[in-house]
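Residue numbers for the sequence shown follow my numbering, so the first one is 21 and each next one is one higher.
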Amino acid sequence: MDDLLEVIGSINTGIWNPMAYMALGLGLLYTVWTGAVQIRRLPDLVMILKESSAGDEGGISSFQALALTLSSRVGVGNIAGVATAIAVAGPGALFWMIVMGILGGATAFAESTLAQVYKRRIDGEFRGGIPYYIERGLGQKWLAIIAAAATVILYAILAPGVQSYNIANSANVAFNAPEWVTGLIVAVVFGIIVIGGTKRITAVADKAVPFMAAGYILLAIVVIVVNADQVPAVIALVFSSAFGVHEVFGGIVGAAVAWGVRRAVFSNVAGVGEGTYASAAASVSHPAKQGIVQAFSIYVDTVLVCSATGIMILMTDSYNVVTEAGRTLVENVPGIEPGTENTQVALDSVFPGFGSVFVALALFLFAFTTLIAFNYISTSAAAYLFKGAALRIVTRILQVLMVVIAFISAVLPADLIWGIGDIGYGSLGWINMICLVFLAPLVAKVLRDYTAQKKAGLDPVFDPVKLGIRGADAWTGENPPAAVAVARANNEKLAGREAGARQR
């Protein structure tokens, strides 16, 4: 096992050390290229989220797409991922997580906008994502097939184990429940939903997640307020560690960047393309609208929830730091596994006993809804590769695999589970990020069109023919998104009022 873990660690170092700078650079590129759209256009968010998907059987609303995306983003990465970054790379990793969250908003805008531009109707539903915009936007069918296959492998095989492991680990800490028992429960319930087709459990979980997330943030705020005297020291610790001037953590600034970005990308998946599949399903009148919505989701995930977790862990000294070389720099809480336990210890410092239980329950909901989202993503990617009966067979095989993996992963070592998940995210991230570099001019063109229509006082409507964009079939056929007709009707009413005002 040690030899296997060493190989996995070496692979991840080769993938993630350079990709950390690639992810930061891509976020900076899109921030500059779009004029910081992730900040500048946030005021449009409220109006976009109010739009309905009524009349469009093949689409969902922007709000529903946001909720679906957040159900996969807010979870293990926010609670356990932050702690694992600090455990290896020190407090400075939190700074680079936040930076990646801010810059990643522009990346999320780009990939979600592209998902909208090149989405298709398949069996009456909007489908889209990485492979669809690689094929239509870049004209590289072979690369699109590789991206789709990588997506299926990641979300059906490599990533689910991280969710299951952390559910089992947190339940063991809070309730002393054997990991295999928790893993069995997760596998059975998940199997009932995705194989048995039971939707009621999912509906309840989806409604509970926002309240549990709000409760988690509220508890984190209470911990921060109780330890308010530590805030200046924690801020100084984070900044000094991030820039290599801290006497203890100054020598691992490179690791702080790499691990901060790695865990930010794991949590918000900006650049990996996870949110593109839900984004493509939204019924909007212009692709940029969904891009703005997804940029906001990055702030919720990383800048808000991850920051709250990291600050809480640091100010309560609920962390250890052991470098990748095995050198112990700090040991505040001996004997705990890096991850969920750090967060549970931090909350227990203010809410003894209750903190661990709340984290276990919250993580179960977060991770479980993430598994449901993973099933949707892997199925959407499989729909690009297979059709008809073949798709149904492949989908069922993937669902059975996910159930088995959910059980097995609960009892496997943490380093193995996180390691194979990181390989999957990193591999898909490289494919998607390189493609996003070449697609930047197209994203800028779509954004300019949106901005021009907003300046003219219009509800933006996307017309790919007018913009010279080929392959955007969902927008040019006989059955475009219903939101297009609504926006055009709004614009006609506006034009009528303006004409009447001129006549008077």
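Yeah, the Cβ is synthetic: ideal placement off N, Cα and C, and Gly gets one too.
message: Excluding the 5 residues flanking N288 on each side, which residues of the same chain have their C-beta closer than 7 angstroms to its C-beta?
response: If you ignore the 5 residues before and after N288, its C-beta comes within less than 7 angstroms of the C-beta of R93, G121, G124, I318, D321, T322, all in its own chain and listed in chain order.
Neighbourhood of G359 by C-beta distance below 6 angstroms, restricted to the same chain and skipping five residues each side: A100, A103, T104
message: Let's test the definition: count the other Cβ atoms within 10 Å of the Cβ of M525 and tell me whether it reaches 16, buried, or not, exposed.
response: In this structure the chain extends from 21 to 524, so residue 525 is not present and cannot be described.
query: From the DSSP output, which residues share a beta bridge with A19?
result: As shown, the chain starts at 21 and ends at 524. That puts residue 19 outside it, with no answer to give.
- prompt: Expressed to the nearest angstrom, what Euclidean distance is found between the alpha-carbon atoms of D23 and G291?
  reply: D23 and G291 have their alpha carbons spaced roughly 31 angstroms apart.
- request: May I ask you to report which of helix, strand or coil DSSP gives T336?
  value: coil
query: So, A107 versus Y339, is the Cβ gap smaller than 8 angstroms?
result: yes
message: S305 and A130 - do their beta-carbons sit closer together than 8 angstroms?
response: Between A130 and S305, the CB-CB gap reaches or exceeds 8 angstroms.
message: Please tell me whether G203 and S184 are closer than 8 angstroms, where the distance is taken between their beta carbons.
response: yes
message: Quick check on T343: does DSSP put it in helix, strand or coil?
response: coil
- prompt: Where does F215 sit, in a helix, a strand or coil, going by DSSP?
  reply: The amino acid occupying residue 215 in the given sequence is Ile; Phe does not appear at that position. Coil, per DSSP.
- prompt: Using 8 angstroms as the threshold, is the stretch 388-405 in touch with the stretch 164-184, meaning 3 or more CB pairs across them?
  reply: yes
query: Over what stretch of residues does the alpha helix (DSSP H) that includes L487 continue unbroken?
result: Unbroken alpha helix (DSSP H) run through L487: 484-487.
message: Using only CA atoms, which one of E357, A366, I356 lies nearest to M332?
response: Closest in alpha carbon position to M332, among E357, A366, I356, is A366.
- prompt: Should P307 be labelled buried (16 or more other beta-carbon atoms within 10 Å of its own) or exposed?
  reply: buried
query: At what residue ranges does the stretch 124-173 contain a whole run of the beta strand (DSSP E), taking only runs of 3 or more?
result: 140-142, 145-147
query: Can we say the stretch 483-494 touches the stretch 135-153, given the rule of at least three CB pairs closer than 8 angstroms?
result: yes
- request: Give the straight-line distance between the Cα atoms of L257 and L391, rounded to the nearest whole angstrom.
  value: 35 angstroms
- request: Starting from the C-beta of D368, find all residues in its chain whose C-beta is less than 6 angstroms away, skip the five residues before and the five after it, and write them out in chain order.
  value: G375, S376
- prompt: What number of angstroms, rounded off, separates the C-alpha of Q84 from the C-alpha of A505?
  reply: Roughly 20 angstroms separates the two Cα atoms.
- request: Tell me whether L86 is buried or exposed, calling it buried when 16 or more other Cβ atoms sit within 10 Å of its Cβ.
  value: With 16 or more other Cβ atoms from the protein chains shown falling within 10 Å of its own Cβ, L86 counts as buried.
Three or more C-beta pairs below 8 angstroms linking the stretch 273-280 and the stretch 112-121: Between the stretch 273-280 and the stretch 112-121, the count of Cβ pairs shorter than 8 angstroms is three or higher; the stretches touch.
message: Tell me the residue span of the alpha helix (DSSP H) that contains E351.
response: First-last for E351: 348-351, but that is the beta strand (DSSP E), not the alpha helix (DSSP H).
message: Here's the rule: buried if 16 or more other CB atoms are within 10 angstroms of the residue's CB, otherwise exposed. What is T363?
response: buried
Cβ-based neighbour list, I80, same chain, cut-off 7 angstroms, excluding 5 preceding and 5 following: S73, A301, A302, S303
field: Presumed contact (8 angstroms Cβ cut-off) between G444 and L174, rounded CB distance
entry: 4 angstroms
task: Sort G149, F458, R282, D479 by Cα distance to I118 and report the nearest one.
output: R282
- prompt: With distances taken between CB atoms, is the gap from C455 to L46 smaller than 8 angstroms?
  reply: no
message: Looking only at its chain, what residues have a beta carbon closer than 8 angstroms to the beta carbon of S447, apart from the 5 residues adjacent to it on each side?
response: The answer, listed in chain order, is I35, A170, L174.
query: For the alpha helix (DSSP H) that contains V466, what are its first and last residues?
result: It spans 460-475 - the alpha helix (DSSP H) in which V466 sits, taken as one unbroken run.
message: Please report the distance separating the alpha-carbon of V485 from that of T496.
response: Their Cα atoms are separated by approximately 8 angstroms.
task: Give me the Cα-Cα distance between V466 and G311, rounded to the nearest whole angstrom.
output: Approximately 11 angstroms between the Cα atoms of the pair.
message: On the CB-based measure, 16 or more other CB atoms within 10 Å of its CB, does K227 come out buried or exposed?
response: exposed
query: Using the rule of at least 16 other Cβ atoms within 10 Å of the residue's Cβ for burial, across every protein chain shown, is I417 buried or exposed?
result: exposed
task: Leaving aside the five residues before and after G75 along the sequence, list all residues of the same chain whose C-beta is less than 7 angstroms from its C-beta, in chain order.
output: Residue placement at G75 cannot be trusted, given a pLDDT of 48 that sits under 50; what the coordinates show is reported in the next sentence. Here the set comprises A502.
message: If you follow the alpha helix (DSSP H) that V420 is in, where does it begin and where does it stop?
response: 408-428
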